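If you count by this note's numbering, then the sequence shown holds residues 9 to 375, one letter each, in order.
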Amino acid sequence: MTADDRTAAQPPSAAGPAAPAAADPALADSAFLRACRREPVPHTPVWFMRQAGRSLPEYRKVREGIGMLDSCMRPDLVTEITLQPVRRHGVDAAIYFSDIVVPLKAIGLDLDIRPGVGPVVERPVRSRADLERLRPLEPGDVEYVTEAVRMLTAELGATPLIGFAGAPFTLASYLVEGGPSRNHEHTKAMMYGDPELWADLLDRLADITTAFLKVQIEAGASAVQLFDSWAGALAPADYRASVLPASTKVFDAVAHYGVPRIHFGVGTGELLGAMSEAGPDVVGADWRVPLDEAARRIGPGKAVQGNLDPAVLFAPREAVETQARRVLDAARGLPGHIFNLGHGVLPDTDPDALTHLVEYVHERTAR
Ligand code: CP3
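If you want it as structure tokens, here you go:
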């Protein structure tokens, strides 16, 4: 099948509640979606968190003079930036270029993404009165997302597009702290000190996150990933009592679409079992737990994603191959492995090292 055939196989409008992957047999049959369903694959699929971004000179060029949040609202730029790593590295999936705070900006919160810092919120959410600022997200608030996803799925053909959102806890951390935080002290103070307010905050965020994922799925995304990047800051008992219900609500609310749902966090070795109970189809692990042990903690019936340390890419090529082989060896015999890093691509990573890693994993796992 040629690229043209694949493009032509896409329906002109991929909108609607049906699982979009069903529309194109080659897409539904892609290595990435097969691995998510724990079916046999021609090779282990590979994609990288933060594959679009500062590691790519072509990204830095198109972003010149344009703010991060502004770029997320321009479908032409989103499409170009999302496609860049697919073209360059030959990864098995694209991830929609956006940010976890985009839906919060879209409901009118006064926040910005500062270069080298991250999301910063002008007025942190600390009281019940502050909750009123968290109104529900309507699809009309993010029409540029619908448009960009449609443009992208038409361009991508048989390559799956992964949509994503921030999980309620990680979003709450930015909102309550007012920005990135090492200790999450204000967030935890609310969680322990006012459990009712905390539960209401996470519930509102679960609904906003769900609405944002629905927009992406209905426009044509083939899978979705829920990023709970900072959940690893929590003890398992607190995660279960105070966070798991809200994340479960999100997974339940999008289950009927039938698109694979991925759950990921950093430093979550002790939480993998609980994160699996939230109901995803795939669980991502960082590099601190070998994948065979991660799979044991995640339990039966789920695919696993991960988990090369992103810093390994700064080592010489042979060392990268040795460490990639360790990941593949740990994943041997696991039905459903998606190769990824244990967290996002670091901005100073040599893009050629990433391209080589994709080739290496494909060759090494060709069956
Ligand atoms: O390729 C991809 O993975 C898709 C793009 C993507 C971005 N943010 C683009 C981005 C994704 C999936 C995210 C999610 C995100 N954003 C998370 C969860 C994933 C993770 O890394 O744990 C989190 C915690 C955020 C919040 C956030 N936004 C941070 C910590 C930063 C980095 C700040 C910095 O400058 O170092 C951002 C900004 C951001 N989001 C950038 C990109 C490419 C860098 C800004 C830029 O290029 O100007």
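Here a beta-carbon is modelled for each residue, glycine too, at the ideal position from N, C-alpha and C. Quantities reported herein were computed from a predicted structural model and do not represent experimental measurements.
Residue state for LEU354 is assigned as coil, using DSSP reduced to three classes. The beta carbon of ILE121 sits closer than 8 Å to those of GLY75, MET76, LEU77, ASP107, VAL109, PRO127, VAL128, all from its chain and outside the five residues before and after it, given in chain order. Of the residues assessed, VAL125 falls on the exposed side of the cut-off, its CB having fewer than 16 other CB atoms within 10 angstroms.
For ALA239, the CB stays at least 7 Å from every heavy atom of the ligand CP3. Within 7 Å of the C-beta of GLN313 there is not a single heavy atom belonging to the ligand CP3. Secondary structure of VAL157 (DSSP, three-state): helix. Distance from the CA atom of GLU329 to the CA atom of ALA249, rounded to whole angstroms, is 41 Å. Residue state for ARG305 is assigned as helix, using DSSP reduced to three classes.
Only residues of its own chain outside the window of five on either side were considered, and among them ASP236, ALA239, VAL251 have a CB closer than 6 Å to the CB of PHE177, listed in chain order. Classified as buried, SER230 has 16 or more neighbouring CB atoms from the shown chains inside 10 Å of its CB. The Cβ atoms of ARG296 and GLY281 do not sit closer than 8 Å to each other. Of GLN224, LEU234, ARG136, the smallest CA-CA separation from LEU205 is found for ARG136. Residue environment for LYS113: buried (at least 16 other C-beta atoms within 10 angstroms of its C-beta).
Distance from the C-beta of ASP358 to the nearest heavy atom of the ligand CP3 is not below 7 Å. GLU226 and ARG42 have their C-alpha atoms roughly 20 Å apart. Judged by DSSP secondary structure, PRO253 falls within the alpha helix (DSSP H) whose first and last residues are 252 to 262.
ILE270 has GLN233, VAL290 as its beta-bridge partners, per DSSP. In its chain, beyond the 5 residues on either side, THR52, VAL54, VAL369 have a beta carbon closer than 6 Å to the beta carbon of PHE347.
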